[in-house]
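Here's the structure we're looking at; comments come further down.
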Amino acid sequence: MNVVFCVLSGFSVNIAMLIVCRTLAGGASASAQAVGAGSLADVWDNEERGRAMGIYYLGPLLGVMLAPIFSGALTNAFGWRSTMWFLAAYGFVTLVLILFGLPETLPRRKEHAPPADPALVVDGQPLSQAVTWLRRIFLDPLRIIKFFRYPAIQCTIWCSAITSGSLYILNNGIQPAFAKAHYNYSPWVIGLLYIPGSFSYVLSSIFGGIWLDKVMIRKAVKQGRYDSNGKLIVLPEDRMQENIWIAAVLVPCSFLLFGWVTQFGIHVAVALLATLSFGVSSMLVFVAANTMLTEFMPDDSSSGIALNNFVRNIFTCVGLLVAQPLLDAMGYGGLFSLLAGLCWVVIATCIWLLKKSSRRWREAMDNSMARKSETR
């Protein structure tokens, strides 16, 4: 469906049709991130999952940073519709690779539940096939929201969500910042200015994921946690060591630097240093949050990632909507100072709460999920 809606986007005759088709295209492709992360959780052990998750999330984050470069070149050469044809072709190639190159990773369970009835039953009355189909498409996916009531899940997602929303405000702010009088760069040059951030994502995803695994293993070894077979017992909260505190400090510092540098028109290299710093720190947050969610919910890791995407994309949408009005009202220094304060308060508070209470919260969550599994 993503390919279909991308094609329809290219044939849009007005802005309303384009917005609707792009929204539907995004919705159709949203499951790929959750299912992909769930597949990684099925294949990789906890001790190596951070590295795998870091490399995996290169795709979504590099897309954010590289899209202005490719779209600028395509638009200048062939018009804006060419970007839609490119997305449709890319989506088709991805679909073929998934269908023929990605095997099922979920281990087969020994117990086999009896086949479910084709229709759902409410108050003893079977629903029609059409109603059942609509319910499974529009209502059943929203069941993931129930996991948000668990504090460990909630704190982890807040860290990811506030960083993601701020990321899109930063991306939206780069273009007008360097197009104004202080810099007056062309759209093509502005597109190239996204490269340092993209480069930092590559570095942070590769080395940050490895770092994430190492601090977790180090913590487990230090506390002497081994099972009867001599294998390390690692916990999700073990991943939050100096790595996550460094990220919590760098994110607001990057915003302060970028905001005031662009406010006063200081040399572009200093602003690009801020985007590089934010890229490194934000990737540390994203990889840690997503890896921890797969470990907090080992039997339903895709749902944890899907809930994270759900909340994170709400913040992203809000960030895209408010970025330009807030820039006009507050200026770069004011807006990015506000973002710096919000990110520091939210991320630091969530880290502190997780380090203090994560084990108790996780045990309560595991007991709750186990009771529900027994009653099914």
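Just so we're on the same page, our numbering is the position in the sequence shown counted from 1, plus 266.
Just so you know, even glycine gets a beta-carbon here, dropped at the ideal spot from N, CA and C.
Candidates L498, A537, V527, V546: closest to I510 by CA position | Counted from its first residue, the sequence shown places residue 510 at position 244. Answer by Cα proximity: V546.
Tell me whether Q489 is buried or exposed, calling it buried when 16 or more other Cβ atoms sit within 10 Å of its Cβ.
-> In the sequence shown, residue 489 corresponds to position 223, counting from 1. Under this definition Q489 is an exposed residue.
Compare the beta carbon distance of T360 and G463 with 7 angstroms and say whether it is the shorter of the two.
-> Numbered from its first residue, the sequence shown carries residue 360 at position 94. Numbered from its first residue, the sequence shown carries residue 463 at position 197. It is not a contact, given that the beta carbons lie outside the stated cut-off.
When we look at the beta-carbon of P334 and count the other beta-carbons within 10 Å, is it buried (16 or more) or exposed?
-> Locating residue 334 in the sequence shown gives position 68, where the first residue counts as 1. Looking at its Cβ environment, which holds 16 or more other Cβ atoms inside 10 Å, P334 is buried.
Three-way DSSP call (helix, strand, coil) for L274 in this model = Numbered from its first residue, the sequence shown carries residue 274 at position 8. Correct three-state label for L274: helix.
Counting only runs of 4+ residues fully inside the region 512-599, write out the alpha helix (DSSP H) ranges in chain order.
-> 534-562
Take every Cβ of the region 504-521, pair it with every Cβ of the region 476-491, and state whether three or more of those distances are shorter than 8 angstroms.
-> Yes, the region 504-521 is in contact with the region 476-491.
Going by C-alpha distance, which of V468, S426, V269, S432 is nearest V362?
-> What you label residue 362 is simply residue 96 of the sequence shown in a count that begins at 1. The option with the nearest alpha carbon to V362 is V269.
Minimum length 4: unbroken alpha helix (DSSP H) runs contained in the region 398-483 = 417-445, 453-458
Okay, do the region 511-520 and the region 609-619 touch, 3+ Cβ pairs below 8 angstroms being the bar?
-> yes
Cut-off 8 angstroms between Cβ atoms - residues of its own chain near V536, not counting five sequence neighbours on either side = Counting from one through the sequence shown, the residue named residue 536 turns up at place 270. The residues are L523, V527.
Can you tell which of G276, S295, Y598 has its C-alpha closest to the C-alpha of G345?
-> Taking the first residue of the sequence shown as 1, we reach residue 345 at position 79. Among G276, S295, Y598, the Cα nearest to that of G345 belongs to G276.
Have a look at F413, M283, R625, F366 and flag the residue whose alpha-carbon is nearest the alpha-carbon of S567.
-> The residue given as residue 567 occupies position 301 in the sequence shown. Among F413, M283, R625, F366, the Cα nearest to that of S567 belongs to F413.
Nearest-angstrom Cα distance between W454 and N495?
-> On the sequence shown, position 188 is the one that residue 454 refers to. On the sequence shown, position 229 is the one that residue 495 refers to. When rounded, the distance between both Cα atoms is 58 angstroms.
Does the distance from the CB of S430 to the CB of N574 come in under 7 angstroms?
-> Mapped onto the sequence shown, residue 430 falls at position 164. Mapped onto the sequence shown, residue 574 falls at position 308. No, the pair does not count as a contact, with Cβ atoms beyond the cut-off.
Output yes or no for whether 7 angstroms exceeds the beta carbon distance between L332 and C272.
-> Working through the sequence shown from its first residue, we reach residue 332 at position 66. Working through the sequence shown from its first residue, we reach residue 272 at position 6. The answer is no: Cβ separation not under 7 angstroms.
Output the distance between the C-alpha atoms of G219 and S471, rounded to the nearest integer angstrom.
-> The chain is shown from 267 up to 642; residue 219 falls before or after that span and cannot be answered.
N- and C-terminal bounds of the alpha helix (DSSP H) containing V279 = Here residue 279 is taken as the residue at index 13 of the sequence shown, counted from 1. Element bounds for V279: n/a, residue is neither H nor E.
Are L586 and S432 closer than 7 angstroms when you measure CB to CB?
-> Indexing the sequence shown from 1 puts residue 586 at position 320. Indexing the sequence shown from 1 puts residue 432 at position 166. Cβ atoms of L586 and S432: not closer than 7 angstroms.
Give the DSSP-derived three-state secondary structure of Y322 in the structure shown.
-> As a first step, residue 322 is located in the sequence shown; it is residue number 56 there, counting from the start. In the structure shown, Y322 sits in a helix (DSSP, three-state: H, G or I).
Quick one: using the 10 Å Cβ neighbour count with 16 as the cut-off for buried, is R578 buried or exposed?
-> Here residue 578 refers to the residue found at position 312 when the sequence shown is read from its first residue. Buried, since its Cβ has 16 or more Cβ neighbours within 10 Å.
Verify whether the separation of the beta carbon atoms of I419 and A572 is less than 7 angstroms.
-> As a working mapping, residue 419 is identified with position 153 in the sequence shown. As a working mapping, residue 572 is identified with position 306 in the sequence shown. No; because the gap between Cβ atoms is not below 7 angstroms, this pair is not in contact.
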